[in-house]
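**Q**
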Amino acid sequence: MCIIAPFNFPLEIPALQVMGALFMGNRPLVKVDSKVSVVFEQLLRLLIHCGLPAEDVDFINCKGKIMGELVKKSENKIRLLQFTGSKEVANQLAVDSKGKIRIEDAGFDWKIIGPDYDPEWSEYVAWQSDQDAYNASGQKCSAQSILFIHENWEKDLIPRLVDLASKRELKDLELDLC
34 MCIIAPFNFP LEIPALQVMG ALFMGNRPLV KVDSKVSVVF EQLLRLLIHC
84 GLPAEDVDFI NCKGKIMGEL VKKSENKIRL LQFTGSKEVA NQLAVDSKGK
134 IRIEDAGFDW KIIGPDYDPE WSEYVAWQSD QDAYNASGQK CSAQSILFIH
184 ENWEKDLIPR LVDLASKREL KDLELDLC
């Protein structure tokens with residue numbers, strides 16, 4: 034099995050996918066984005082230090098284009114490809130792997146704010162909704178796509194959201210830990 038993981042979740046996605054593969058008795062070949070591959074490399078070193086046989090995971094460091102060529106040339110050697118990333122790359126990998134692929138790409142994630150309005154929480158709810166939608170430049174599959182709010186929140190929450198949105202600039206589309 035082969036795992037191809039993105040840049041924006043350098044530990045969580047490959048760790049979960051690799052551990053799942055190992056638990057099921059597979060020997061995964063792992064390729065993470067080169068910009069963040071050191072993160073997975075350190076996890077792999079930790080796993081080996083804790084007793085994982087080094088030969089149980091294959092780790093490859095290469096550009097995406099090279100990995101695409103390897104997948105294409107692999108013929109029937111890859112039983113399953115687990116890919117997290119863009120639709121365009123996923124479509125090409127689906128063709129190259131002859132459909133032996135599980136794809137995790139952008140989601141359409143929503144948040145629902147129910148009727149239990151509490152004015153003390155309004156500022157935090159607005160900030161959290163803004164962060165869910167726009168932190169990491171929106172480059173996460175779990176980014177909030179739509180927000181449903183009960184009418185009890187409307188008069189207080191919408192102006193706060195409008196205010197936050199009016200202050201956004203392209204340079205500000207990153208995680209705000211305040």
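Just so we're aligned, residue 34 is where the sequence shown starts under the numbering used here, counting upward by one. Where is the CB? At the ideal position from N, CA and C, for every residue including glycine. Remember, it's a predicted structure, so these values are computed and weren't measured experimentally.
1. Just the C-alpha distance for N109 and S130, rounded to the nearest angstrom, thanks.
2. Mapping the DSSP letters down to three states, classify I99 as helix, strand or coil.
3. Put M108 into one of helix, strand or coil per three-state DSSP.
4. Please look up how many angstroms separate the CB atoms of K120 and C95, rounded, as I've assumed it's under 8 Å.
5. Within a Cβ cutoff of 6 Å, which residues of the same chain sit near I136, ignoring the five residues on either side of it in sequence?
6. Just mark Y157 as buried or exposed, buried being the case when its beta carbon has 16 or more other beta carbons within 10 Å.
7. Quick one: grab the DSSP three-state call for W78.
8. Ordered along the chain, which non-local residues of its own chain (more than five positions away) have a Cβ less than 7 Å from that of L76?
9. Do L103 and I146 have their C-beta atoms within less than 9 Å of each other?
10. With a threshold of 7 Å on Cβ separation, who are the neighbours of C211 within its own chain once the five nearest residues in sequence on each side are excluded?
11. Starting from R201, trace the alpha helix (DSSP H) in both directions and tell me its first and last residue.
12. Starting from L180, follow the beta strand (DSSP E) in both directions and report where the run begins and ends.
13. With the cut-off set at 9 Å, would you say D163 and S175 are in Cβ contact?
14. Does the separation of the CB atoms of I81 and L113 fall below 9 Å?
15. Is the CB-CB distance between F92 and L62 below 9 Å?
16. Return yes when the Cβ of I37 is within less than 9 Å of the Cβ of G118, no when it is not.
**A** According to the structure shown:
1. Answer to the nearest angstrom: the Cα atoms are 8 Å apart.
2. Correct three-state label for I99: helix.
3. Just to set this straight, residue 108 is Glu in the shown sequence, not Met. Under the three-state reduction of DSSP output, E108 falls in the coil class, being neither helix nor strand.
4. Contact check for K120 and C95: beta-carbon distance about 22 Å, past the 8 Å limit, so the pair fails to qualify.
5. Once the five neighbours on either side are set aside, the close Cβ partners of I136 are F116, A123.
6. Sixteen is the threshold: since fewer than 16 other Cβ atoms of the shown chains lie within 10 Å of the Cβ of Y157, the residue is exposed.
7. The residue you asked about is not Trp; residue 78 is Arg in the sequence shown. It is helical.
8. L44, A48
9. no
10. With a pLDDT of 48 at C211, under the threshold of 50, the modelled position of this residue cannot be trusted; read the value that follows with caution. Around C211: no qualifying Cβ.
11. Following the DSSP letters along the chain, one finds R201 in no alpha helix (DSSP H), marked with neither H nor E.
12. 177–182
13. no
14. no
15. yes
16. Yes, the pair counts as a contact, with Cβ atoms nearer than the cut-off.
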